[in-house]
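As structure tokens, the structure follows; a few thoughts come after it.
Protein chains in written order, with the working numbering: chain U, 46 to 280; chain Y, 872 to 1120; chain H, 39 to 471; chain V, 4 to 311; chain R, 64 to 396.
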């Protein structure tokens, strides 16, 4: 479904990502894990067209998207739930969700999606008039994921959804991802620092280090490898 | 008498509680690690100590003086230096000039500021980059310069915020050795937060674990890692559960 | 890129180093003329330039139809029929630039003398340059009283200044109460005893404000409001409210054009009803102002030249015809004074018989041009050489004109003061809004 | 005392009217700043273009100046979009310093282009439904028809902009762009389009304002500066980017500049001869700037600002 | 003494810049000896004046990163102090100039304290506001002549070094050139001083600067005071050079904008920026204006062109002309 072919990204001349390739298959959940600064967010932003590539290609359903503008990529059905959530703080929950459906013109499907999000996160329904900036981190993350679902994405890319959340909230967020896997036909690309959770959730995983893929394979296998545990836990 | 004493420090942002009743000490001859998952409030605590944020309640005592009401630059002049998690070099300063800004805290003379800066850079092994522009250095080297700048202000205590972030394993090993030398040869106490646990474990004499703004554990690195609370905080409930299941099986 | 920069630098340098290649012919007298040709006063600048050019044309040719000495000589006779060449410079209203241009004219173009500069502020800096270099300067149209109070040895002014004009106003008001005005019975003093003034607060307006204050005291009028307002203000409603609240018999203004337009509009919208509405030239004497039409019927303005002067002065009519041919409209205060300024230069040179500064200085200090040579209705031109005003023309005089509806339905200015040369009966009181 | 009461009423009325005029002129500035944090120093020149548009087009089409307002708005909008794509888009990449610098250049350019084509003489509209009319509503209390029309348009424009921003999908997208342009792009919002739209709306509002203003105010190439400075003070006082703030601050400034007659009336009513010499008319804009400065110092984000 | 050493230490300047500086210095020193037009001379004097204004602006605008659009108020304070002292008490220029600088610096502390609590556009517009307030006050203050301004009486004997009254411009030229050289060398020393380094650190990142013990607010105020001294010094010179000052030409927004524009065009934050900016804009303003502006029917075309050039530079290279030079140098490396 999504294919990244040998991309290189430079910041002010310095390569931060070198010749990286990866694949996301339809209906799969793919995890990308790695330490802070390994280039995970850079990868997602490159897919979103927010960062220019110095080399390589990105294909979505066979179509080259690395020359497109971000908003065109969104219209193709790739939705990015960014790190730090990037909600529109002073706006209400509902307004934020409706902005998630900005590219959708069909009122009925908007309503359907809104209901689905509210059903997924009942807490958002309770607080739909509240300014999203005044909610707790976990609620904000729900709003961010909910906003991502508003346009019925073909590929949902979650960037550190557990960042800054209390453990209980983290499980709740991952539970949601699991439910999306079960219910929908949504493909998920999950970027996480929370290695174990991410690997447990994913079908396939990539381990990223200093802008390069260090290891890839079925997530369960990676989870079992000592190398991973050592690299991330120092255990 | 501890060099730094944190007494029941709490920090609220509006309704959000970032730190709640955190207390601990750092001694002059110590390296203390401050760990915890993302969003546990480590950086906020650093900012409170450094006077960047006013604390909501509690006190910070440094070198026998209550520094809670002091502003950040006043705290820095007391001998409490810090590095920043996100370090962006954008300016038109050369490396040595950048480090000199640190040494200018202790002297008004350009000559002695320059000497002090070069000495610190020599110590950190980056003397050869002195004439280069900051923006031309790779990230790892930039971080070293930031470290040199903080060190050039001749601090008693150095707060290190994620110095290892974005470095590869071999770079991290070098950094660990360096920090150890800073501590032993220069007698600077270190308080560091880190994601790369490996580094914290190797460096610290003592580790303090924060979660959701509260201290949940304190002790020697080896013990703390085994603390189920800590493992749960870091790796999540499932992992703990599975470990148990695994243990049962 | 480097080459281009190099070439540009060399060109720039060359421009600064090479003196202007003005070639001086034997029979050419160069006069530097500095006026605001662009910038906020560009419209006035155009009139000034045309006025000076017309005077030079008349002086350089033989024009039998003009009853003027200089129209008969075809150049300056005493200098062997040398022709005048005017070098125009644009000071854009900037005193510093004006001074720089004066230096350029004096040192590079080697002019015999300077004419200018309309704005009093620019005239100040330019005359200071002339004073330093000992180059004569004749000023035809700056009305700041201070200009001739500095004791300069190389500065002469032909036009009357604001003190004179303001005095004219008060003479007019007093005359009105004595029944001297044409077509109006003696007006009771109480009716116009209260005055209210609004002047723009740059150097010109604030000078006028001071003169108004001093003369009101001297003539025993009650100056109930004397407002200084920011020139080019987006809103004059508060000023107008205060003027109206003072319940004056006469409202007095010193405004540039856009302020004058906005002032009249605001006065109208606030239904102001003064008995007299008087403006100190500038904005009140511009084509744009006239375009306000019926709203300004009855408004008074001081000037040194009004088209209706033509009726009583044939010479003015002759020159005016030429000016109309050149510009498409009548002479006004600015162009007539510029004309007179340059004309004075011609007579001074004629008298001096030399282009030496000392000779010109002597000629200026002793010259006497009779009124019948001038387009402006003055007694003549004669500069004072002692007292507290050095270089001021003591024979000048102002006019007060009134906008009236003329036979052809157009709005035009009629002379109403001095009373003895009034060209039409005074419309009194002002219609009010 | 009665005189004082009437004067206060008069000043209130004219202050309110003038305040709404200032607010309308400032509206476009605050919209543009709100969306992309750019202060447009050429804002007053947009007003000038609107004024000239009506001045020139009305006699050409033979219609009343008021009827040419949509055209003035259109010209303003087109000018805004042109400026965005021709200049502002490039300035956005640079620091604030370059933005100020660039719009300064635009200001000088537009003003002198007008000088080149229109000459420096102030010009006015002579005939029209609004020209020279005013409504008397009390003893000495007069509403000037153009100012009244501008005031009504001002309220209307604020209502429309408020509605646009708070009640429409595009408005939400604009808000999102202003809050976090990158985040907005992830929603599929074309921020480029939104920025251009902000310039179109800003340009249109000030263009229409110019078209209406020229019924009362004379226009010349330098007319912009008179209003630009006031508009800056208005926008900064209200808080950059705050639509509500611009309205309140505009009215506040309108009232401040109409204080001097009240002061005069007070002096008259208490017959304070000693204070007669103190003419505060010449300080009316000084007061605006001084109050602006004080409020800035006490409340750096402005009255209603949420950005600093 | 170290300060003096710092001031003359040009060691950190690239070799080609030093060479350029030597050429420029030789040119400046010998300019009056070369054949030149008087307008060229006047242009050179203005170039030096605006370079100094720009150097002052650059301290806050360039090194401090905050756009100051109120520099004219300090030109005014310097000019008025000199004029008032000369007219009322017959004080020579060399005494009134330091007094003017001191008064301007005093005023800069008074308004600098609240001013530097503001940032970005708020700061820029607040500087305009303070400058306009001061100008409005001077316009009605009779002691300083109100809007009518002040005119310095001619002493009559030329050259008069005490009162800075000369007939020929080259005297003024050497006086302002002296100021320029002192200003340039002092600026070099400032760059190497503690405050200079601190200011650059502040521009880089205020948080980091604070963590290094720098009182950001106070440092900016101090730098602002130094900047003010530059501007006021030239203001004093302006009064003597022009013989006549008015609020309208010494304290206007136009002047403030022009100062900022030259420094920004040349390149904010570099030693050469203000000088390059003045070297481009002053001749352009004077020559373009006198070539094109004087032509009937072309009024405004010179300034329209000027606006276009400014827009182009701002869009193409936000760091100004010096930024273009630097970019070229970086590419060559």
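Just so it is clear, CB atoms sit at the ideal spot from N, CA and C, and this is done for glycine as well.
Counting along the chain, residue 266 of chain R sits inside the alpha helix (DSSP H) bounded by residues 257-267. Residue environment analysis places residue 182 of chain V among the buried positions, since at least 16 neighbouring C-beta atoms fall within 10 angstroms of its C-beta. With respect to the 8 Å criterion, residue 61 of chain V and residue 155 of chain V are not classified as neighbours on the basis of their beta carbons. Residue contact with chain R for residue 171 of chain H: present (Cβ-Cβ distance below 8 Å to some residue of chain R).
Counting C-beta pairs closer than 8 Å gives three or more between the segment 196-211 of chain R and the segment 310-317 of chain R, which meets the contact rule. Per DSSP, residue 73 of chain H lies in no alpha helix (DSSP H) segment; the continuous beta strand (DSSP E) that holds it begins and ends at 66-73. Around residue 137 of chain H, the beta-carbon contacts reaching into chain R at under 7 Å are 305. The segment 377-384 of chain R makes contact with the segment 328-340 of chain R, as at least three CB pairs between them are under 8 Å. The contact set of residue 33 of chain V on chain R, defined by CB atoms closer than 8 Å, is empty, because the minimum CB distance reaches about 12 Å. Here residue 298 of chain H has 291, 317, 320, 321, 322, 324, 327 as same chain residues with Cβ atoms under 8 Å from its own Cβ, once five neighbours each way along the sequence are excluded. Residue 925 of chain Y sits in coil when the DSSP states are folded into three classes, being neither helix nor strand.
Contacts between residue 13 of chain V and chain U, judged by CB atoms closer than 9 Å, are missing: the closest CB pair is about 40 Å apart. At a Cβ-Cβ threshold of 8 Å, residue 930 of chain Y and residue 969 of chain Y do not count as neighbours.
Only those residues of the segment 134-146 of chain U whose C-beta falls short of 9 Å from the nearest C-beta of chain V are listed: 134, 135, 136, 140, 141, 143, 144, 145, 146. Distances from the alpha-carbon of residue 142 of chain V to those of V:13, V:273, V:283 put V:13 closest. Ranked by Cα distance from residue 1055 of chain Y, the first of Y:1074, Y:1044, Y:1043 is Y:1074. Contact of residue 10 of chain V with chain H by beta-carbon distance below 8 Å involves 279, 283. Annotation: Cβ neighbours of residue 193 of chain R in chain V (cutoff 8 Å, chain order): 292, 296. Counting only runs of 3 or more residues that sit fully inside the segment 1033-1072 of chain Y, the beta strand (DSSP E) segments are 1060-1064, in chain order. Within chain H, the residues placing a beta-carbon under 9 Å from that of residue 21 of chain V are 272, 273, 275, 276, ordered along the chain. Pairing residue 107 of chain R with residue 94 of chain R gives a Cβ-Cβ distance under 8 Å. Taking the Cα positions, residue 97 of chain V is about 23 Å away from residue 112 of chain U. With the criterion set as a beta carbon lying under 8 Å from some beta carbon of chain U, the members of the segment 169-186 of chain V are 172, 175, 176, 178, 179, 182, 183, 185, 186, in sequence order. For residue 127 of chain U, the neighbours in chain V by C-beta distance under 7 Å run, in chain order, 186, 189. Per the coordinates, the alpha-carbon of residue 67 of chain U lies some 57 Å from the alpha-carbon of residue 253 of chain V. In this structure, the straight-line span from the alpha carbon of residue 76 of chain R to that of residue 157 of chain V is close to 56 Å. Restricting attention to R:131, R:215, R:374, the CA atom closest to the CA of residue 290 of chain R is found in R:131. About 6 Å separates the CB atoms of residue 398 of chain H and residue 151 of chain H; that is less than 8 Å, so the two are in contact. With the criterion set as a beta carbon lying under 7 Å from some beta carbon of chain H, the members of the segment 202-227 of chain V are 219, 220, 221, 223, 225, in sequence order. Proximity to residue 138 of chain V across V:147, V:6, V:299 peaks at V:147, based on C-alpha coordinates. For the set V:194, V:93, V:54, V:91, the Cα lying nearest the Cα of residue 173 of chain V is the one of V:194. For residue 291 of chain H, the uninterrupted beta strand (DSSP E) run begins and ends at 288-292, by DSSP.
Taking 8 Å as the threshold, the shortest C-beta distance from residue 217 of chain R to chain H falls below it.
Taking CB atoms only, residue 116 of chain H has no neighbour in chain R less than 8 Å away.
By the Cβ rule, the segment 169-187 of chain U does not count as touching the segment 222-239 of chain U, because fewer than three pairs are nearer than 8 Å. For residue 289 of chain V, at least one C-beta of chain R is nearer than 8 Å to its own C-beta.
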